[in-house]
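Novice: Please see the structure below; I have some questions.
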Amino acid sequence: MAPTPTELQRLATVISRRTGMALPSTRLPFLTARARAVMAWAGADNWDSWLSELEASAGNDDRVGEALDEALQVHETCFFRYPGHHALLSDVVLPDSLAAGATRLRILSVGCSTGQEAYSLAMTARENLGGDAHRQVEILGVDVGRAALAAARRGVYGPLSVASVPPLYLERYFEPEGPAFTVRPELRAMVRFLRHDIRRELYLGKFDAIFCCNVCLYFMRPTKDQILTRLTAALRRGGYLFLGHAEGVTPPVDNFRAIHRPSGVMFQRIPA
Numbered sequence: 703m704a705p706t707p708t709e710l711q712r713l714a715t716v717i718s719r720r721t722g723m724a725l726p727s728t729r730l731p732f733l734t735a736r737a738r739a740v741m742a743w744a745g746a747d748n749w750d751s752w753l754s755e756l757e758a759s760a761g762n763d764d765r766v767g768e769a770l771d772e773a774l775q776v777h778e779t780c781f782f783r784y785p786g787h788h789a790l791l792s793d794v795v796l797p798d799s800l801a802a803g804a805t806r807l808r809i810l811s812v813g814c815s816t817g818q819e820a821y822s823l824a825m826t827a828r829e830n831l832g833g834d835a836h837r838q839v840e841i842l843g844v845d846v847g848r849a850a851l852a853a854a855r856r857g858v859y860g861p862l863s864v865a866s867v868p869p870l871y872l873e874r875y876f877e878p879e880g881p882a883f884t885v886r887p888e889l890r891a892m893v894r895f896l897r898h899d900i901r902r903e904l905y906l907g908k909f910d911a912i913f914c915c916n917v918c919l920y921f922m923r924p925t926k927d928q929i930l931t932r933l934t935a936a937l938r939r940g941g942y943l944f945l946g947h948a949e950g951v952t953p954p955v956d957n958f959r960a961i962h963r964p965s966g967v968m969f970q971r972i973p974a
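For what it's worth, this note's numbering labels the leading residue of the sequence shown as 703, then goes sequentially.
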């Protein structure tokens, strides 16, 4: 049974309050389909009573509400999605950070989904630093999706998923297994994955570079600003922030300076 217009509005309100997601009318079919799947999983068959249960939830930790939050995540991703970011990592971030005396660079991949961005960053680091990359670079991928993180940790990708991986990298960093490709141990050693909601405080130490691509665009302005505040706090002075082209948010000029290169733009947190 489809929700009535009133029930659909209630659902959108509940989700916006819980997640801070922006829900334009174009996303309502997606919203309804995902919510219906969670209803079936929860054994509910009445929109009104199910919505009342969600509306009565005191927080975000209830079982059904958490399942709904996860169902609404968009896990579209690919390897080397932003080639310019990798050029900036190679040409600026890695050499400048190591020249400044850093012994171990910490890189954060926000909304890492099934792991392609994190492993892409690891490949770029290894191409620049060679066999010692696992000692010099640590990459952490965070996401709220349990299933996505499980796939990231497995590191097994089908032929369509690896289509954007350069052939030489595919040969170096993946092991063919039937029709699939598995991330090799030397690359896996550089990356770990953790479940974390980026809207919450990050207690993971400071990072030298943070990649937040195609994450903020799904949220309303107050939540975008909240996420940016979290990322700024997690980025060391002099560290680098990379944003997707459609995030709809720009770091404040009193904390960051934009660095423009032919390959793209990144933001450096102003050193103390």
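C-beta: ideal position from N, C-alpha, C; glycine also. It should be emphasised that the depicted structure is a prediction, and the values quoted were computed from it without experimental measurement.
(1) Per DSSP, what kind of secondary structure is Glu-949 in: helix, strand or coil?
(2) Could you give the distance in angstroms between the alpha-carbon of Glu-709 and the alpha-carbon of Gly-745?
(3) Identify which residue in Ser-751, Lys-908 and Ser-727 has its Cα closest to the Cα of Leu-943.
(4) Which residue's Cα is closest to the Cα of Met-922: Leu-937, Ala-739, Gly-722 and Gln-711?
(5) Helix, strand or coil, according to DSSP, for Ala-739 in the structure here?
(6) Under the three-state reduction of DSSP, which class applies to Met-968: helix, strand or coil?
(7) Please report the distance separating the alpha-carbon of Val-844 from that of Arg-901.
(8) Kindly give me the distance between the Cβ atoms of Leu-919 and Ala-882, rounded to whole angstroms, as I take these residues to be in contact under 8 Å.
(9) What is the DSSP secondary structure of His-836, reduced to helix, strand or coil?
(10) Spell out a yes or no on whether the segment 809–828 and the segment 842–858 are touching, meaning 3 or more CB-CB pairs, one atom from each, closer than 8 Å.
(11) Under the three-state reduction of DSSP, which class applies to Ala-760: helix, strand or coil?
(12) Run the CB neighbour count on Ile-841, radius 10 Å, all protein chains shown included, and call it buried at 16 or more, exposed below.
(13) Below 6 Å CB to CB, which residues in the same chain sit around Pro-705 once its five sequence neighbours on both sides are set aside?
(14) Can you give me the start and stop residues for the beta strand (DSSP E) that Pro-878 sits inside?
(15) Pick out whichever of Phe-913, Phe-958 and Leu-930 has its Cα sitting closest to the Cα of Leu-791.
(16) Taking 8 Å as the cut-off, decide whether the C-beta atoms of Gln-928 and Val-846 are in contact.
(17) Considering only C-alpha positions, which residue in the set Gly-966, Leu-930, Pro-964 and Ser-965 is nearest to Val-955?
(18) Rounding to the nearest angstrom, what Cα-Cα distance links Gln-838 and Phe-958 in this structure?
(19) If Arg-971 and Gly-946 are in contact, beta carbons under 8 Å, what's the gap, nearest whole angstrom?
(20) CB Leu-831 to CB Leu-796, shorter than 8 Å?
(21) Give a yes or no on whether the C-beta atoms belonging to Gly-824 and Leu-889 are separated by under 8 Å.
(22) Can you tell me whether DSSP reads Ile-912 as helix, strand or coil?
(23) Report the three-state DSSP secondary structure of His-962 (helix, strand or coil).
(24) For the beta strand (DSSP E) containing Ser-863, name the first residue and the last one.
(25) Within its chain, find whatever has a CB closer than 6 Å to the CB of Ala-714; leave out the 5 residues flanking it on each side and keep chain order.
(26) Since Asp-750 sits in a beta bridge, which residues does DSSP pair it with?
(27) Go ahead and pull the three-state DSSP assignment for Phe-921.
(28) Near Ala-827, which residues of its chain fall below 6 Å by C-beta distance, leaving aside the five closest residues on each side in sequence?
(29) Quick test of your reading: Leu-753 and Val-716, contact by CB under 8 Å. State the CB separation rounded to the nearest angstrom.
Specialist: The answer reads as follows:
(1) In this structure, DSSP gives Glu-949 a state outside helix and strand, which the three-state scheme calls coil.
(2) Spanning the two alpha carbons is a distance of roughly 18 Å.
(3) Residue Lys-908 holds the alpha-carbon nearest to the alpha-carbon of Leu-943 among Ser-751, Lys-908 and Ser-727.
(4) Looking at Leu-937, Ala-739, Gly-722 and Gln-711, the one whose alpha-carbon comes closest to that of Met-922 is Gly-722.
(5) Three-state result, Ala-739: helix.
(6) Strand, per DSSP.
(7) If you take the alpha carbons of Val-844 and Arg-901, they lie about 12 Å apart.
(8) That pair is no contact at about 30 Å.
(9) Residue state, collapsed to three classes: helix.
(10) The segment 809–828, when compared against the segment 842–858, does touch it at the 8 Å Cβ threshold.
(11) Because Ala-760 carries a pLDDT of 49, less than 50, the predicted location of this residue cannot be relied on, and the following value inherits that uncertainty. The answer is coil: DSSP assigns Ala-760 none of H, G, I, E or B.
(12) With 16 or more other CB atoms across the displayed protein chains lying within 10 angstroms of its CB, Ile-841 is buried.
(13) Taking C-beta separations shorter than 6 Å and ignoring five residues to either side along the sequence, the partners of Pro-705 in its chain run Trp-749, following chain order.
(14) Note, Pro-878: beta strand (DSSP E), 876–879.
(15) Residue Phe-913 is the option with its Cα nearest to Leu-791.
(16) Taking 8 Å as the Cβ cut-off, Gln-928 and Val-846 do not qualify as a contacting pair.
(17) Nearest option by C-alpha distance: Leu-930.
(18) Using only the alpha carbons, I get a separation of about 25 Å.
(19) Their Cβ separation, rounded to whole angstroms, is 18 Å, which puts Arg-971 and Gly-946 out of contact at 8 Å.
(20) Result yes, Cβ atoms of Leu-831 and Leu-796 sit closer than 8 Å.
(21) According to the sequence as given, residue 824 is Ala; it is not Gly. Taking 8 Å as the Cβ cut-off, Ala-824 and Leu-889 qualify as a contacting pair.
(22) Of the three classes helix, strand and coil, the one that applies to Ile-912 here is strand, per DSSP.
(23) The answer is strand: DSSP assigns His-962 an E or B state.
(24) Here Ser-863 belongs to no beta strand (DSSP E), and DSSP marks it neither H nor E.
(25) Answer for Ala-714: Leu-725, listed in chain order.
(26) Looking at the DSSP assignment, Asp-750 forms no beta bridge with any residue, so it has no partner.
(27) Here Phe-921 sits in strand by DSSP.
(28) Ala-835 and Val-839.
(29) Your pair Leu-753 and Val-716 checks out as a contact, with CB atoms roughly 7 Å apart and the cut at 8 Å.
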